[in-house]
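Basically our numbering = 1-based index in the sequence shown + 3. Think of the CB as a built atom: it goes at the ideal place given N, C-alpha and C, for glycine as much as any other residue.
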Amino acid sequence: MQLDRVFEALASGPRRQILAYLSGGELSTSALAERFNMSAPAISRHLSVLELAGLVSSERQGQFVLYRLNSDNLVNSLTGYALEVCPVGRPLKQEAKARASAAKAAAPSTPARTAKVTKAVKTVAAAKRAKPAKG
């Protein structure tokens, strides 16, 4: 399962630090190794785990391999997990979907678009009413 690989990758402190460095831009293995007290082969092993999890991607440029953060994959994996575990995740997903539909339908007004917006607003209101009380 891809989510298992993501959490395995995030379980390591050095890998989380690598992700933080890559959030600033592309870096080579040797550039990353300079920031750590470990060898380039050790960094390469960490990068392999991150790449297998889909959190980073690589591109060869001449004799170097540059790594970059796949921030969308990281955010989507963690958000998806949080929404599945969170007891109010489903209503939040429904509300977000309804809001997105409302925003999309809020383009220049036509009778059909007005009906879509009205329906989306009612769906959002219903989702808010359906939220379970915190206990």
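> Can you name the start and end residues of the alpha helix (DSSP H) that E54 belongs to?
Replying inline: Translated into the one-based positions of the sequence shown, residue 54 becomes position 51. Unbroken alpha helix (DSSP H) run through E54: A43 to L55.
> Quick one: what's got a C-beta closer than 8 angstroms to G138's C-beta in the same chain, skipping five residues either side?
Replying inline: Numbered from 1 along the sequence shown, position 135 holds the residue referred to as residue 138. Model confidence at G138 stands at a pLDDT of 46, short of 50, so the residue's coordinates are unreliable; what they give is reported in the following sentence. Take G138, set aside five residues on each side of it, and no residue of its chain has a beta-carbon closer than 8 angstroms to its own.
> Cα-Cα, which of Q5, E29 and I21 is closest to Q64?
Replying inline: Taking the first residue of the sequence shown as position 1, residue 64 is located at position 61. That would be E29, whose Cα lies nearest to the Cα of Q64.
>> Let me confirm a value: T32 is counted as buried when at least 16 other C-beta atoms fall within 10 Å, else exposed. Which label applies?
In response: Along the sequence shown, one-based indexing puts residue 32 at 29. Counting C-beta atoms within 10 angstroms of its own C-beta, T32 has 16 or more neighbours from the protein chains shown and is therefore classed as buried.
>> Given a cut-off of 8 angstroms on the beta-carbon distance, is the pair S80 and L6 in contact?
In response: Here the question's residue 80 lines up with position 77 in the sequence shown. Here the question's residue 6 lines up with position 3 in the sequence shown. A contact, by the Cβ cut-off of 8 angstroms.
>> By the three-class DSSP mapping on this structure, what secondary structure does L58 have?
In response: Mapped onto the sequence shown, residue 58 falls at position 55. Coil.
> Where do the N-terminal and C-terminal ends of the beta strand (DSSP E) with F67 fall, by residue?
Replying inline: For the purposes of this step, residue 67 is taken as the residue at position 64 of the sequence shown. Segment F67 to L72, the beta strand (DSSP E) holding F67.
>> Can you tell me which residues form a DSSP beta bridge with L35?
In response: If you number the sequence shown from 1, residue 35 lands on position 32. In the DSSP assignment, no residue is bridged to L35.
> Which first and last residues belong to the alpha helix (DSSP H) in which A23 is found?
Replying inline: Residue mapping note: residue 23 aligns to position 20 of the sequence shown, counting from 1. Run containing A23: G16 to L25, per the alpha helix (DSSP H) assignment.
>> I need the boundaries of the alpha helix (DSSP H) containing E11, first residue and last residue.
In response: In the sequence shown, the residue the question calls residue 11 occupies position 8. Start and end: Q5 to L13.
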